[in-house]
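Chemist:
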Amino acid sequence: MNEWLDLAKTFGIPTVLLFGLSMGVWRTLSWLGSWVKPLVEKVTAQHIEFVEHVQRCTDCQTEAIIEVRELVSRKTDAIEIQTETISELRKIIESQQKDSSAATKQLISHIETCTDRQTEALSHALRRIDQVAKNGENLSPPAPET
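If you want it as structure tokens, here you go:
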């Protein structure tokens, strides 16, 4: 106790009170540390696991988007080839049918409708892929069980 009084005379009462309060806070935190440390380690481990899962999901989505874009690109190429073939068929049909009968007109109309539908479906697929890529929608595998 005399030590505290000597410190108070030398440094002043506010300084000694601050030092005593600091020591009390230090001991309290040391006591709480033994209780809090396992909790912090558990939360940290779960967070690291979560971050790794997010990374795996991001990688999976990236691969899926690349694969879908490749498939759409192939489909686009196929539709272009099909469109050229249809144009050639249209020319052949028109050259064979000089009178442009109703059946020929109906066949040409049907060919054009099919081509328009395929083009529309492809455009929709491309917009959807871009939307998924932009919004980061879920294409990931299910979360691992803990």
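Here the sequence shown is numbered in the numbering used here, starting from 4 and rising by one per residue.
Cβ atoms here follow ideal geometry from the backbone N, Cα and C, with glycine treated the same way.
Just so it is clear, the structure is predicted and the values come from calculations on it, not from any experiment.
Can you tell me the Cα-Cα spacing of W7 and I16, whole angstroms?
Modeler: Position 4 of the sequence shown, counted from the first residue, corresponds to residue 7. Position 13 of the sequence shown, counted from the first residue, corresponds to residue 16. C-alpha separation (whole angstroms): 9 Å.
Chemist: Does G15 come out as helix, strand or coil in the three-state DSSP assignment?
Modeler: As a first step, residue 15 must be located in the sequence shown, where it is residue number 12. Residue state, collapsed to three classes: coil.
Chemist: Check the C-beta distance from I89 over to T118 and give it rounded, since I have them as a contact under 8 Å.
Modeler: Taking the sequence shown and counting its residues from 1, one reaches residue 89 at position 86. Taking the sequence shown and counting its residues from 1, one reaches residue 118 at position 115. The C-beta distance from I89 to T118 rounds to 6 Å, short enough to meet the 8 Å contact threshold.
Chemist: Skipping 5 residues on each side, what residues in its chain have a beta carbon closer than 8 Å to that of P144?
Modeler: Position 141 of the sequence shown, counted from the first residue, corresponds to residue 144. With a pLDDT of 49 at P144, under the threshold of 50, the modelled position of this residue cannot be trusted, and the question is left open.
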